[in-house]
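Report on the following structure.
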Amino acid sequence: MKRLDRVPGKPIELAGEHIREFFNKRAEEYSNNLRSRNTTVLLGDGDINYADQWDRFEKDFILPIISPKATDSVLDIGCGMGRWAEALIPLCGSYIGIDFSDKMIHAAQSNFVDVPNAQFINTSFQELFACPQVFGKKFETVIIAGVSMYLNDNELRKCYEQLNQLLAANGGILYLEESIGVRERLSLDRHFSSALKDYYSAVYRTKNEYLDLLSPLLTDAEVLSSGAIHEFDKKEFLETGHWYIVLRKK
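FYI, the numbering for the sequence shown is 5 to 254, going by this note's numbering.
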């Protein structure tokens, strides 16, 4: 029987090691000057301007909402090579970026040499809560942009539940952004992408699926802002779109 690599409507289990290899390969290409920083993590390989435009738009739109302060501690989950770090480090008191791709973290460390208020740590979202540099700390701002789509449901639910331990009480901010399935869930498992010229795995959950997974956080937080981001939806990918939510812990 032929293996299904593109599955609409129902959950499948993704292989995390394949996803790690995918991003390690892209980070190495970046280090060898074969691709730009933003296309390395935001993809959009077929349009060299797409990733840069998305990066500028997202930061211009989100930074005024999350509004980090000079004394805040910021945690960037899935930091890649420091796309958000570039904007956040000058604004906050301390910054920690984590990523499960060791090649991405190496690139981030090379991009931010001698920055005393920043750390880049090679660990995954799933392993974050046992990380000694993070365990027991509270963060005024947590960023999770384009990460959740690479975790399986059971892993993600547990990670979201544990975020309550990290968010500062009385005002801790969580910004979550993901590519979603517009009408139904869509899972790609080592599916060959002609745009990326590589095999790609991801879960495009629906907005309602994300709200269900986030329910442990929603009981103790208020929604500051939420909605679809249509500005950079691509006509050739009508099944998927962009969605975000900003929560503030009570």
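Quick reminder that beta carbons are idealized off the backbone N, C-alpha and C, glycines included.
Since we're looking at a predicted model, the values are computed, not measured.
Asked: Bounding residues of the beta strand (DSSP E) (the contiguous stretch that carries residue 206); Found: 202-208
Asked: Reduced DSSP secondary structure (H/G/I, E/B, other) of residue 114; Found: helix
Asked: Whole-angstrom distance between residue 148 and residue 120, CA atom to CA atom; Found: 23 Å
Asked: Residue nearest to residue 66 in terms of C-alpha spacing, selected from 82, 155 and 92; Found: 92
Asked: Proximal residues to residue 160 (C-beta, below 6 Å), its chain only, five neighbours per side dropped; Found: 152 and 217
Asked: Residue 148 - partner residues in DSSP beta bridges; Found: 81 and 180
Asked: One or two residues paired with residue 230 in a DSSP bridge; Found: 249
Asked: Alpha helix (DSSP H) segments (min. 4 residues) lying fully within the stretch 25-65; Found: 41-46
Asked: C-alpha distance - residue 26 paired with residue 205, whole-angstrom precision; Found: 9 Å
Asked: Segment contact flag, the stretch 97-104 with the stretch 122-138, C-beta cutoff 8 Å, min 3 pairs; Found: yes
Asked: Reduced DSSP category for residue 100 - H, G, I as helix; E, B as strand; rest coil; Found: strand
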